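Presented below is the structure to which this report refers.
Number of protein chains: 2
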Amino acid sequence: MIEPPSLEELIAEFSSLPGIGNKTARRLAYHILSRPREQTVRFSESILKAVERVKPCSRCFVFTEGDICSVCNMRKEAKTICVVEKSSDILPFEKSGVFQGLYFVLGGVLSPLDGVGPETLHIPFLIERVKKEGFQELILALGSSPEAESTALLIDRLLEGTSIKRSRLARGIPMGSDLEFVDEITMLRAFEGRVLF
Amino acid sequence: MIEPPSLEELIAEFSSLPGIGNKTARRLAYHILSRPREQTVRFSESILKAVERVKPCSRCFVFTEGDICSVCNMRKEAKTICVVEKSSDILPFEKSGVFQGLYFVLGGVLSPLDGVGPETLHIPFLIERVKKEGFQELILALGSSPEAESTALLIDRLLEGTSIKRSRLARGIPMGSDLEFVDEITMLRAFEGRVLF
Chain W
1 MIEPPSLEEL IAEFSSLPGI GNKTARRLAY HILSRPREQT VRFSESILKA
51 VERVKPCSRC FVFTEGDICS VCNMRKEAKT ICVVEKSSDI LPFEKSGVFQ
101 GLYFVLGGVL SPLDGVGPET LHIPFLIERV KKEGFQELIL ALGSSPEAES
151 TALLIDRLLE GTSIKRSRLA RGIPMGSDLE FVDEITMLRA FEGRVLF
Chain R
1001 MIEPPSLEEL IAEFSSLPGI GNKTARRLAY HILSRPREQT VRFSESILKA
1051 VERVKPCSRC FVFTEGDICS VCNMRKEAKT ICVVEKSSDI LPFEKSGVFQ
1101 GLYFVLGGVL SPLDGVGPET LHIPFLIERV KKEGFQELIL ALGSSPEAES
1151 TALLIDRLLE GTSIKRSRLA RGIPMGSDLE FVDEITMLRA FEGRVLF
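The listed protein sequences correspond, in order, to chains W and R. Residues in the first sequence are numbered from 1 upward in steps of one, following my numbering. Residues in the second sequence are numbered from 1001 upward in steps of one, following my numbering.
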């Protein structure tokens, strides 16, 4: 191909991002090389800066620049902990303002075939924290894949015999969705979980 | 917001790319921070490397790592020159193999309101080259916006009185498109340009 090697490499790097196909990767690469040089240097530096500074909170694994994230810092007295799969999963909670407790990021769900076991996900650390810190409720806010389900079940089982209340988010029809297009599993869950007036 | 500043900055940088909205930018930023560190450092470096190495060819302004691009180097004897708006516009020509001549990248189209005049687009340099190097044909392969049309007209006018043949790409129905969904202008052009059996 007539593209210079460093441009080809850049296209390959963009292609490795989720949801970015070959055509989009090429468009992005050409675009950033057509912008003023300073702007592109700044983009490169912002990646490096973020990767140097952002790390998982040592208590809950939410992305932070400090040792302890702002949520862990501000809500030391919280009695509720919400377990999510990845750091960005806490955003809808924070945006809605519905939750004032702590979080715990697993960093994935159990997947024995990929070598992801309870230790990789810091599950022993979670259980220890929960037992030691006297939380009143643990909310499991994982996805609905079979792997997520079995991760939730394992955590629930490991806390059997303790007094902590375990809950999970309600499944049902999301706001604004046309009933006609709701999938079968969602309908099943919404029906099973129907609420009395 | 609870996102650390360097992560917020990274999201803003991704948002500045074409076709990348806020949600996608956030997804990409979280993704690259969740990947192995080396991979993200390599991504940052590939941007910097490309921006350091890639520059416009000194003869035709196609992106290259050398002083002169591979096309200008390989096709020194070519008698045809194809004028395009941006470097990536030469890819479909090269992929189809239909063209064996030289290119000239304008770097945009005339846009007086944005301060883009003939000099910014190297039009004087193009005219001088064309007159001096004895090309037989100049193909205008610009877009179909009013600005592109007037850019093509200007170049055509500046070459009036010379013996060089000036042509433009045919407009018409693209391959594989359903006639029902062809827009009016394309239909108009395809009709006007209809070809006898």
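C-beta: ideal position from N, C-alpha, C; glycine also. Every value quoted in this text rests on a predicted model; they were computed, and no experiment measured them.
- Within chain R, not a single residue places a beta-carbon under 8 Å from that of Lys76 of chain W; the smallest gap is close to 16 Å.
- Restricting attention to W:Glu3, W:Glu184 and W:Phe197, the CA atom closest to the CA of Phe1063 of chain R is found in W:Glu3.
- Scanning its chain for C-beta atoms nearer than 6 Å, with the 5 sequence neighbours on each side dropped, one finds no residue around Lys55 of chain W.
- Taking C-beta atoms under 8 Å as the contact rule, Ile81 of chain W and Val130 of chain W qualify, at a distance of about 7 Å.
- In this structure, Thr1151 of chain R sits away from Leu1091 of chain R, with a CB-CB distance that is not shorter than 8 Å.
- Here Val182 of chain W has Ile173 and Ala190 as same chain residues with Cβ atoms under 8 Å from its own Cβ, once five neighbours each way along the sequence are excluded.
- For the pair of segments examined, the segment 157 to 172 of chain W was found not to touch the segment 93 to 100 of chain W: the number of CB pairs separated by less than 8 Å stays below three.
- Runs of beta strand (DSSP E) with 3 or more residues, each lying fully within the segment 1084 to 1163 of chain R, are found at 1102 to 1105 and 1137 to 1140, listed in chain order.
- Cβ neighbours of Ser1087 of chain R within its own chain (closer than 6 Å, five residues either side excluded): Val1062, Phe1063 and Val1105.
- Assignment of Ser1046 of chain R by DSSP, reduced to helix, strand and coil, places it in the helix class.
- Rounded to whole angstroms, Thr162 of chain W and Pro112 of chain W show a C-alpha spacing of 27 Å.
- Classified as buried, Val1084 of chain R has 16 or more neighbouring CB atoms from the shown chains inside 10 Å of its CB.
- A Cβ-Cβ separation of about 7 Å places Glu1065 of chain R in contact with Pro5 of chain W under the 8 Å criterion.
- Near chain W, meaning a CB-to-CB distance below 9 Å, the residues of the segment 1027 to 1050 of chain R are Arg1027, Leu1028, Ala1029, Tyr1030, His1031, Ile1032, Leu1033, Ser1034, Arg1035, Arg1037, Gln1039, Thr1040, Val1041, Arg1042, Phe1043, Ser1044, Glu1045, Ser1046, Ile1047, Leu1048, Lys1049 and Ala1050.
- If you look at Arg168 of chain W, you'll find it in the beta strand (DSSP E) that goes Lys165 to Arg168.
- The C-alpha of Gly115 of chain W is placed about 29 Å away from the C-alpha of Ile185 of chain W.
- In this chain, Glu77 of chain W is not harboured by any alpha helix (DSSP H), its DSSP state being neither H nor E.
- For Glu1013 of chain R, a Cβ of chain W is located within less than 8 Å of the residue's own Cβ.
- The beta carbon of Thr1040 of chain R sits closer than 6 Å to those of Ile1032, all from its chain and outside the five residues before and after it, given in chain order.
- Taking a contact as a CB-CB distance under 8 Å, the pair Pro18 of chain W and Arg1027 of chain R counts as one, their CB atoms being some 7 Å apart.
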